[in-house]
Amino acid sequence: MDPRDVLAERVSEALAAAFGSEYASADPVIRPSAFADYQANVALPLAKQLGRAPRDLAAEIASRLRLDDVCERADVSGPGFINFVLRGDWIAAQATTMLADPRLGVPPADPPSVVTVDYSGPNVAKELHAGHLRATVAGDAVARILEHLGHTVVRAAHLGDWGTPFGMLIEHMLDVGEETARKQLAVGEFTAFYQAARAEFDGSQEFADRARRRVAVLQAGDPETRRLWQVLVSASMEYLTAIYRRLGIKLTEQTMAPESFYNPMLADVCSELEEAGIAVISEGALCAFPPGFTGRDGTPLPLMLRKSDGGYGYDTTDVAAIRYRLIELHAQRLIYVVGSEQSLHLQMVFAVARQAGWLTDPATAEHAVIGLLTGQDGKRLKTRTGEQVKLSALIDEAVERAGHVIADRYDDAALRDRIAEAVGIGALKYADLSVARHSSYSLDFDRMLALTGNTGPYLQYATARIRSIFRRAELDPDQVTGTLRLTEEAERALALTLLGFGPAICQASESAEPHVLASFLFDVASTFTTFYELCPVLKAPDAATRETRLALSALALRVLVTGLDLLGIAVPDRM
Ligand code: ARG
Numbered sequence: 008m009d010p011r012d013v014l015a016e017r018v019s020e021a022l023a024a025a026f027g028s029e030y031a032s033a034d035p036v037i038r039p040s041a042f043a044d045y046q047a048n049v050a051l052p053l054a055k056q057l058g059r060a061p062r063d064l065a066a067e068i069a070s071r072l073r074l075d076d077v078c079e080r081a082d083v084s085g086p087g088f089i090n091f092v093l094r095g096d097w098i099a100a101q102a103t104t105m106l107a108d109p110r111l112g113v114p115p116a117d118p119p120s121v122v123t124v125d126y127s128g129p130n131v132a133k134e135l136h137a138g139h140l141r142a143t144v145a146g147d148a149v150a151r152i153l154e155h156l157g158h159t160v161v162r163a164a165h166l167g168d169w170g171t172p173f174g175m176l177i178e179h180m181l182d183v184g185e186e187t188a189r190k191q192l193a194v195g196e197f198t199a200f201y202q203a204a205r206a207e208f209d210g211s212q213e214f215a216d217r218a219r220r221r222v223a224v225l226q227a228g229d230p231e232t233r234r235l236w237q238v239l240v241s242a243s244m245e246y247l248t249a250i251y252r253r254l255g256i257k258l259t260e261q262t263m264a265p266e267s268f269y270n271p272m273l274a275d276v277c278s279e280l281e282e283a284g285i286a287v288i289s290e291g292a293l294c295a296f297p298p299g300f301t302g303r304d305g306t307p308l309p310l311m312l313r314k315s316d317g318g319y320g321y322d323t324t325d326v327a328a329i330r331y332r333l334i335e336l337h338a339q340r341l342i343y344v345v346g347s348e349q350s351l352h353l354q355m356v357f358a359v360a361r362q363a364g365w366l367t368d369p370a371t372a373e374h375a376v377i378g379l380l381t382g383q384d385g386k387r388l389k390t391r392t393g394e395q396v397k398l399s400a401l402i403d404e405a406v407e408r409a410g411h412v413i414a415d416r417y418d419d420a421a422l423r424d425r426i427a428e429a430v431g432i433g434a435l436k437y438a439d440l441s442v443a444r445h446s447s448y449s450l451d452f453d454r455m456l457a458l459t460g461n462t463g464p465y466l467q468y469a470t471a472r473i474r475s476i477f478r479r480a481e482l483d484p485d486q487v488t489g490t491l492r493l494t495e496e497a498e499r500a501l502a503l504t505l506l507g508f509g510p511a512i513c514q515a516s517e518s519a520e521p522h523v524l525a526s527f528l529f530d531v532a533s534t535f536t537t538f539y540e541l542c543p544v545l546k547a548p549d550a551a552t553r554e555t556r557l558a559l560s561a562l563a564l565r566v567l568v569t570g571l572d573l574l575g576i577a578v579p580d581r582m
């Protein structure tokens with residue numbers, strides 16, 4: 008059980024006893040404390056409300072507290088804080104319960120709901136670049152965390168496989184010949200292919216006209232055009248799923264939900280909005296003008312639902328997608344893990360969904376904003392020639408460098424490569440996940456691969472170290488059971504930290520912020536390191552102490568492995 012919940016409950020009881028039952032619902036404001044384990048700050052806001060001295064109020068609340076079973080001490084301090092020092096035997100009992108609990112104290116969602124997580128945001132015939140890293144790994148971690156809590160998670164990538172570029176891509180394919188194009192795409196040379204098509208489009212009026220006609224023919228469903236389009240889509244699908252597999256991202260062809268998936272719904276969505284008066288014809292196009300969105304000059308901003316030539320675009324598929332998620336999938340929570348530059352677009356889509364009555368209480372839609380991955384100069388990451396850095400290049404470099412970091416430890420090349428893969432990718436993902444997702448950070452291979460500090464390799468290394476204890480003891484850490492008795496300060500600190508697992512996961516899920524879980528896991532690894540330096544496990548002074556220390560080690564291992572898995576980070580057995 009989360010100590011904060013118990014303390015909050017007891018403080019609420021004291022508030023009710025002191026001031027009447029209406030005060031039981033006041034937030035007790037339980038926070039970690041620098042001078043004790045936790046503190047309650049409720050006396051400060053309450054003093055304002057009641058017009059009394061905060062310290063007196065705190066003393067009055069403290070005198071009503073019934074906490075003997077949980078706390079060793081509860082004292083008033085400072086301007087009116089109540090400081091709590093938990094009892095060692097209470098912490099030990101909670102940790103003992105956690106050790107016997109396969110869920111490790113993580114409460115199942117009650118009630119579970121349907122949640123869609125829209126992330127990664129790839130496009131057909133384009134390679135994933137550095138800018139996709141954040142939206143891909145953060146989205147996958149959010150999905151994993153929600154799933155672990157028991158929610159039904161629907162993953163979606165909203166793969167861009169539709170719209171105007173496909174006219175020029177298909178015409179270019181016809182120009183170079185289908186076989187040549189297939190070969191080029193099979194080796195993943197999307198960028199070259201795309202750029203060549205673009206150059207033709209920009210350089211030739213005749214080509215541009217053909218490309219535009221081709222889009223119309225594609226959207227009208229012409230079978231031969233669809234077949235050519237499918238060549239592009241299949242090649243991209245293969246490329247994307249290979250990268251996702253390598254990164255441990257659980258997006259598959261089945262879950263990609265590309266834009267074209269919504270094609271059959273677009274006409275109906277448009278007429279529904281037009282009939283409801285939410286969309287109107289403006290200069291020949293069908294547009295929605297959700298209230299409250301205006302340009303700099305005060306004119307209402309449109310969501311373009313149907314262009315004047317009858318074609319549909321990005322706005323339309325997003326409006327159809329949100330309708331589908333709410334009405335067909337009955338999703339109660341919609342999370343869009345997308346870069347901050349699309350904030351206006353998404354807010355307008357949400358607004359139209361509200362106007363249409365699709366997005367109604369208690370369902371929510373949220374833009375989980377993603378910050379930039381930058382170069383050392385703080386600007387968007389670019390190659391020397393000014394192009395986007397490919398995601399595959401980032402992965403390759405991380406893995407190669409990881410190989411150097413661990414090279415001298417292994418003679419067996421295959422084993423070394425396997426560990427380098429896990430360490431390199433783990434480092435890259437963890438560096439990203441440990442930063443608040445809306446913040447930007449700069450790429451730094453040396454820092455992310457360091458074996459100390461808040462890094463992936465440090466956390467992986469902590470698990471490897473714990474495993475080696477159990478190997479030496481010839482015990483299976485998954486089978487360890489027992490009763491904890493805490494005597495040393497470092498044991499107590501580790502046990503108390505471990506109790507924060509459930510709360511960290513709940514908080515990460517509520518705010519869709521994997522870094523909350525990442526920083527908790529770093530706390531666990533650091534507290535474990537201190538514990539391991541100060542408290543011999545296998546050479547503990549007596550059997551009861553050994554039992555406690557083995558139990559703490561096993562619990563730390565389970566929490567780290569489960570937590571890292573929820574972040575999508577693999578842990579090698581040894582390092
Ligand atoms: N493919 C889009 C892009 O490259 C991102 C998709 C984000 N998701 C969404 N539902 N709009 O900009």
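Going by the numbering used here, the letters in the sequence shown line up with residues 8 to 582, in that order. Every residue, glycine too, gets a C-beta built ideally from N, C-alpha and C.
- Excluding five sequence positions before and after L192, the CB atoms of its chain that fall closer than 6 angstroms to its own CB belong to A242, given in chain order.
- K546 counts as exposed, since fewer than 16 other beta carbons sit within 10 angstroms of its beta carbon.
- One Cα belongs to D76, the other to D96, and the distance between them is close to 9 angstroms.
- Look at N90: its beta carbon is at least 7 angstroms from all of the heavy atoms in ligand 1.
- The nearest non-hydrogen atom of ligand 1 is 7 angstroms or more from the C-beta of H179.
- Beyond the five residues adjoining it in sequence on each side, A215 comes within less than 6 angstroms, by CB distance, of F208 in the same chain, given in chain order.
- Taken in chain order, the unbroken stretches of beta strand (DSSP E) that lie wholly in the stretch 310-373 and span 3 residues or more are 310-313, 340-346.
- Residue range 521-541 is occupied by the alpha helix (DSSP H) that includes P521.
- Judged by DSSP in its simplified three-state form, I288 adopts strand.
- Ligand 1 approaches H165 closely enough that one of its heavy atoms is under 7 angstroms from the residue's Cβ.
- For I89, the enclosing beta strand (DSSP E) has its first and last residue at 88-93.
- The beta carbon of T159 lies closer than 8 angstroms to those of P119, S120, V121, V122 in the same chain, with the five residues before and after it left out.
- Non-local beta-carbon contacts of R253 in its own chain, meaning distances under 7 angstroms to residues more than five positions away in sequence, involve I402 in chain order.
- Pairing L280 with N270, the inter-Cα distance amounts to about 16 angstroms.
- Inside the stretch 459-498, DSSP marks no whole beta strand (DSSP E) run of 3 or more residues.
- At a threshold of 7 angstroms, N270 does not count as near ligand 1, since its beta carbon sits no closer than that to any of the ligand's heavy atoms.
- Across the set M582, Y321, A511, A23, the C-alpha of A511 shows the shortest separation from the C-alpha of L153.
- A contact between stretches requires three or more CB pairs, one per stretch, nearer than 8 angstroms, and the stretch 427-438 fails this requirement with the stretch 493-504.
- Its chain contains A31, P35 as the residues whose beta carbon lies nearer than 7 angstroms to that of S19, once the 5 sequence neighbours on both sides are disregarded; these appear in chain order.
- With fewer than 16 neighbouring CB atoms inside 10 Å of its own CB, R478 falls in the exposed class.
- No beta strand (DSSP E) of 3 residues or more sits fully in the stretch 186-252.
- In the DSSP annotation of this structure, S560 is not part of any beta strand (DSSP E); the continuous alpha helix (DSSP H) holding it starts and ends at 550-573.
- Cβ contact annotation for F200 (same chain, cutoff 6 angstroms, sequence separation greater than five): Q191, in chain order.
- The beta-carbon separation of S278 and A292, rounded to 15 angstroms, does not stay under the 8 angstroms limit for a contact.
- Ranked by Cα distance from G174, the options T198, R221, L72 are led by R221.
- Exclusion of the five residues before and after E79 leaves V92, R94 as the residues of its chain whose Cβ lies within less than 6 angstroms of its Cβ.
- Looking at the DSSP output, D82 shares a beta bridge with N90.
- In the DSSP annotation of this structure, the continuous segment of the beta strand (DSSP E) that includes I37 starts and ends at 37-39.
- Under the three-state reduction of DSSP output, I377 falls in the strand class.
- Judged by their CB atoms, V287 and V326 are not nearer to each other than the 8 angstroms cut-off.
- In this structure, the C-beta of A358 stays at least 7 angstroms away from each heavy atom of ligand 1.
- Distance from the C-beta of V183 to the nearest heavy atom of ligand 1 is not below 7 angstroms.
- Distance from the C-beta of V240 to the nearest heavy atom of ligand 1 is not below 7 angstroms.
- In this structure V194 is exposed. Its beta-carbon is surrounded by fewer than 16 other beta-carbon atoms within 10 angstroms.
- A Cβ-Cβ contact shorter than 8 angstroms links I250 with L398.
- Not one heavy atom of ligand 1 sits closer than 7 angstroms to the Cβ of V442.
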